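FYI, my numbering numbers position 38 of the sequence shown as 153, with every residue one higher than the one before it.
Cβ atoms here follow ideal geometry from the backbone N, Cα and C, with glycine treated the same way.
Model, not experiment: these values are computed from the prediction.
Reading through the structure tokens given below for one structure.
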Amino acid sequence: MISIMIVENDPDRLAALTSAFGEHDDLAVLSAVLKRETALKQLALLPDVLLLNPDGLKRFNLPRFLRTLRTRSPKTRLVLLLTASSGDEELVENIRQGARGYLLSSSPPALIAKAVRAVAAGGIWAERRILEKAISMHQMLLPELLQSHVPELQPLTSREMDMLGHVLKGATNREIAEMSNISERTVKTHLYRVYRKLNVKSRTKAIALLTQ
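And the structure:
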């Protein structure tokens, strides 16, 4: 059972989401609130996933809220419900700050439920281009994505993790070799082992797997 807290300043949307989640046996709404202050107090319930629409919340500061979330309920994973599309850089920054997904608040409840399940399982719910940028800028997300998409993964060595990080940034084998001060042949050997552990046969498949 996935426990959820919803913070939405629109009463109608809040009621609609609460009702929709009630139709799923694996989802349970612990709390549905309209105000930021109430949300902070309700973190004591330790929900698995927090759905939050920051628009319209007075004096809302996402980085500060995420710090509070990590302190009071460190295992809770945040999904942002946005009333309007945001720029790529803002979305990447949201993920870097600790949000584990985002989608429009007008999205169908079934899609929001799917996002909740994905995030609760350890994934990141975002468009592929945003994930690619986030990984490129912040490789710290890579272990989490690996665990999310390949739960039975054999552990990658630190060198293999570096190789995969370069691949996700779009580097060629030659560029990886130059940056790592090793031969292209050694790069190919490392990547062969990475792809074998990921159960894929090419860099294209590896990228698709981790950004799907």
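Using only alpha-carbon positions, find the residue among the options that is nearest to residue i.
{"i": "T153", "options": "P270, L306, F175", "result": "F175"}
{"i": "S188", "options": "M120, L206, A130, W240", "result": "M120"}
{"i": "L308", "options": "K284, S273, R289, E290", "result": "In the sequence under discussion, the amino acid at residue 308 is Arg, which differs from the Leu named in the question. Answer by Cα proximity: S273."}
{"i": "G237", "options": "S298, A214, S221, S222", "result": "A214"}
{"i": "P169", "options": "D163, A199, L158, D140", "result": "A199"}
{"i": "A94", "options": "S298, L197, V164, Y217", "result": "The structure shown has nothing for residue 94, since the chain only spans 116 to 327."}
{"i": "D141", "options": "A286, H305, A233", "result": "A233"}
{"i": "L306", "options": "E242, M276, P270, S221", "result": "M276"}
Note the first and the last residue of the continuous alpha helix (DSSP H) segment covering residue i.
{"i": "R192", "result": "Careful: R192 lies outside any alpha helix (DSSP H), inside the beta strand (DSSP E) at 192 to 197."}
{"i": "V302", "result": "299 to 313"}
{"i": "D295", "result": "It is Ser, not Asp, that sits at residue 295 in the sequence shown. Residues 288 to 295."}
{"i": "M120", "result": "Not the alpha helix (DSSP H): M120 falls in the beta strand (DSSP E), residues 117 to 122."}
{"i": "A130", "result": "126 to 136"}
{"i": "A323", "result": "318 to 325"}
{"i": "L181", "result": "177 to 187"}
{"i": "L149", "result": "Where L149 is concerned, there is no enclosing alpha helix (DSSP H), given that its DSSP letter is neither H nor E."}
{"i": "G202", "result": "G202 -> no alpha helix (DSSP H), and no H or E assigned at all."}
{"i": "G58", "result": "The structure shown does not extend to residue 58, since the chain is modelled only from 116 through 327, so no value can be given for it."}
Taking the alpha-carbon positions, what's the residue i to residue j distance?
{"i": "A228", "j": "L149", "result": "20 Å"}
{"i": "R318", "j": "Y310", "result": "8 Å"}
{"i": "D203", "j": "I245", "result": "6 Å"}
{"i": "A159", "j": "G280", "result": "36 Å"}
{"i": "A341", "j": "P224", "result": "This structure does not reach residue 341, given that the chain is present from 116 up to 327, and the question cannot be answered."}
{"i": "Q212", "j": "F180", "result": "10 Å"}
{"i": "M278", "j": "A241", "result": "23 Å"}
{"i": "E293", "j": "G285", "result": "14 Å"}
{"i": "R300", "j": "L325", "result": "24 Å"}
{"i": "I210", "j": "I297", "result": "32 Å"}
{"i": "K316", "j": "S201", "result": "35 Å"}
Under a CB-based cut-off of 8 Å, is residue i close to chain D?
{"i": "R244", "result": "In summary, chain D is missing from the structure at hand, where a single protein chain is found."}
Short check: CB of residue i to CB of residue j, under 8 Å?
{"i": "V104", "j": "I117", "result": "Lying outside 116 to 327, the shown extent of the chain, residue 104 is not represented and no answer is given."}
{"i": "L161", "j": "T191", "result": "yes"}
{"i": "T186", "j": "L155", "result": "no"}
{"i": "V302", "j": "N288", "result": "yes"}
{"i": "I322", "j": "L283", "result": "yes"}
{"i": "A143", "j": "L129", "result": "no"}
{"i": "P226", "j": "L218", "result": "Here the sequence assigns Leu to residue 226, which means Pro is not the residue at that position. Yes, the Cβ-Cβ distance between L226 and L218 is below 8 Å."}
{"i": "L196", "j": "L177", "result": "no"}
{"i": "L271", "j": "K320", "result": "no"}
{"i": "L132", "j": "E138", "result": "no"}
Tell me the residue span of the beta strand (DSSP E) that contains residue i.
{"i": "I391", "result": "Here the chain covers residues 116 to 327 and nothing more, so residue 391 does not appear."}
{"i": "L158", "result": "No beta strand (DSSP E) contains L158, which DSSP labels as neither H nor E."}
{"i": "L219", "result": "217 to 219"}
{"i": "L167", "result": "164 to 167"}
Taking 7 Å as the cut-off, is the beta-carbon of residue i closer than that to any non-hydrogen atom of the ligand MG?
{"i": "I210", "result": "The ligand MG is not among the ligands present in this structure, which contains no ligands whatsoever."}
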